[in-house]
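Structure record follows, encoded as structure tokens.
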Amino acid sequence: DAKTTQPTSMDCAEGRAANLPCNHSTISGNEYVYWYRQIHSQGPQYIIHGLKNNETNEMASLIITEDRKSSTLILPHATLRDTAVYYCIAGNKLVFGAGTILRVKS
Amino acid sequence: DAGVTQSPTHLIKTRGQQVTLRCSPKSGHDTVSWYQQALGQGPQFIFQYYEEEERQRGNFPDRFSGHQFPNYSSELNVNALLLGDSALYLCASRSPTAGVVGHTEAFFGQGTRLTVV
Chain S
1 DAKTTQPTSM DCAEGRAANL PCNHSTISGN EYVYWYRQIH SQGPQYIIHG
51 LKNNETNEMA SLIITEDRKS STLILPHATL RDTAVYYCIA GNKLVFGAGT
101 ILRVKS
Chain B
1001 DAGVTQSPTH LIKTRGQQVT LRCSPKSGHD TVSWYQQALG QGPQFIFQYY
1051 EEEERQRGNF PDRFSGHQFP NYSSELNVNA LLLGDSALYL CASRSPTAGV
1101 VGHTEAFFGQ GTRLTVV
């Protein structure tokens, strides 16, 4: 799996879009980008994944740059329940880094 | 669908003892991975089982071993427990298209909280 770099923490106002960046400059051609989140003391929850194209599901959107060296997870209307640690993973073995602590504030 | 289930939810063991943790994958899933998550850190990959064999392994000593049964359920065994083995142990399963390369999403259980005293 490729190494990923994420900001340690981010704040977002409730109801606004949360944009979480991730750098994965060493990603190889067949490695997918996955996003998971973990709410305190629970198992990680799958959010979305993609290879080249942008992806959208009921939870979020994933924007992958054309060179695939970075991506952004977008939560369109963040709620207090979206407060969690968000992990970006580049690779199919699912190697987790430290993640980004997202705090959604009212 | 019960999702990924793990047992027990909490466990306290003494240094030097052995422990076995259990995981039942999500229905229809055949690939199981185990992770260790220390407090304040991200999950660390231990190993992955597919077709009853260990296919990939992270940087963990031989004290950590596993098994996968014909019904795809799995066990994680840890021998000679150390205080540093105290952690949340997570099991994740993936669908049959995952195989050993796999690009499908993994579903995680709620984990087993192991405390070594």
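Which chain is which? The protein sequence lines are S and B, in order. Each residue of the first sequence is one higher than the one before, starting from 1 at the first, in this note's numbering. Each residue of the second sequence is one higher than the one before, starting from 1001 at the first, in this note's numbering. All C-beta atoms, glycine included, are put in the ideal place defined by N, C-alpha and C. Keep in mind the model is a prediction, meaning the values are calculated, not measured.
One Cα belongs to P76(S), the other to T56(S), and the distance between them is close to 11 Å.
Legend: CB atoms of the stretch 1042 to 1062 of chain B lying less than 9 Å from CB atoms of chain S belong to residues G1042, P1043, Q1044, F1045, Q1048, Q1056 and G1058. If you draw a 10 Å sphere on the C-beta of L1114(B), you find 16 or more other C-beta atoms in it, and that means buried. Take S1024(B), set aside five residues on each side of it, and the residues of its chain with a beta-carbon closer than 6 Å to its own are T1005 and S1073, in chain order. Sequence-distant partners of Q1018(B) (beyond 5 residues in either direction) whose C-beta falls short of 6 Å from its own C-beta, in its chain, are N1079. Judged by beta-carbon spacing, E1054(B) lies beyond the 8 Å limit of G1040(B), meaning their Cβ atoms are not closer than that value.
Non-local beta-carbon contacts of S1007(B) in its own chain, meaning distances under 6 Å to residues more than five positions away in sequence, involve R1022 in chain order. Two segments are said to touch when three or more pairs of C-beta atoms, one from each, lie closer than 8 Å; by this definition the stretch 1045 to 1064 of chain B touches the stretch 1027 to 1036 of chain B.
With respect to S61(S), N54(S) sits close: the two C-beta atoms are nearer than 8 Å.
Residues of chain B whose Cβ lies closer than 9 Å to the Cβ of Y86(S) do not exist; the shortest such Cβ separation is about 11 Å. Distance from the CA atom of C1091(B) to the CA atom of F1064(B), rounded to whole angstroms, is 14 Å.
Ranked by how close their Cα comes to the Cα of A1106(B), the residues V1116(B), S1027(B), N1071(B) and E1075(B) have S1027(B) in first place. Assignment of G1066(B) by DSSP, reduced to helix, strand and coil, places it in the strand class. Residue burial is scored here from C-beta neighbours: V33(S) has at least 16 other C-beta atoms within 10 angstroms and is therefore classed as buried.
Annotated as proximal: D11(S) and R103(S), with beta-carbon spacing under 8 Å. Taking the beta carbon of Q1110(B) as reference, the chain S residues within 8 Å of it are Q42 and G43, listed in sequence order.
Taking 8 Å as the cut-off, the beta carbon of Y1089(B) is found no closer than this to the beta carbon of G1058(B). At a cut-off of 8 Å, the C-beta of S1073(B) has no neighbouring C-beta in chain S. At the C-beta level, S9(S) and I101(S) come within 8 Å of one another. Contacts with chain S at 8 Å (Cβ-Cβ) do not include A1038(B).
Secondary structure note for T65(S): it is in no beta strand (DSSP E), with a DSSP letter that is neither H nor E. Residue-level contact check: A1002(B) does not touch chain S, since none of the beta carbons of chain S fall below 8 Å from its beta carbon.
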